[in-house]
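In our numbering, the protein residues as written are 23 to 171.
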């Protein structure tokens, strides 16, 4: 069964060099998962941080569920990420290194119906790296155009 929903953080791939990728579960409320299944989530401004040895994702915007009543959730609240202890320890030690951060890359619904967040251990790009990425993308587009002719 293929994934029906895949919301990608394109800005993260442009701003950072991704060193490692992890797939984490998210602790959600009922109206949040329903809203994600409708595709109403935005992870462009989201980031991950450790609070009391637990990994949280902050600024993950999940719109309120359209059919929710007074049980609706807050749009931007801190949500706990579910990882193994070994992965959490590795991320906390690597995340403390200078210049490394934990960035959400994508949110998707797994085969079993659970919402998963793909996070990456990332290093910030310099301005010349970003220009290089743009040049590579432009040359790839030109090559594709030339191949179609």
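Backbone N, C-alpha and C fix where the C-beta goes; we use that ideal spot for every residue, glycine too.
Check whether residue i and residue j have beta carbons under 8 angstroms apart
i           : j          : result
residue 147 : residue 39 : yes
residue 68  : residue 82 : yes
residue 33  : residue 66 : yes
Cutoff 8 angstroms: residue i Cβ touching any chain B Cβ
i           : result
residue 132 : Among the chains in the structure shown there is no chain B, since it carries only a single protein chain.
For residue i, three-class secondary structure by DSSP
i           : result
residue 127 : strand
residue 72  : strand
residue 28  : strand
residue 105 : coil
residue 42  : strand
residue 65  : coil
When the options are compared against residue i, the one with the closest alpha-carbon
i          : options               : result
residue 85 : 104, 119, 100 and 61  : 61
residue 93 : 100, 75, 53 and 101   : 53
residue 90 : 121, 168, 55 and 73   : 55
residue 74 : 123, 168 and 111      : 111
residue 42 : 165, 166, 155 and 142 : 142
Exposed unless 16 or more other CB atoms sit within 10 angstroms - verdict on residue i
i           : result
residue 103 : buried
residue 144 : buried
Original post:
Taking contact to mean at least 3 C-beta pairs separated by less than 8 angstroms, is the stretch 44–52 in contact with the stretch 135–151?
Top reply: yes
Original post:
Taking contact to mean at least 3 C-beta pairs separated by less than 8 angstroms, is the stretch 25–35 in contact with the stretch 99–116?
Top reply: no
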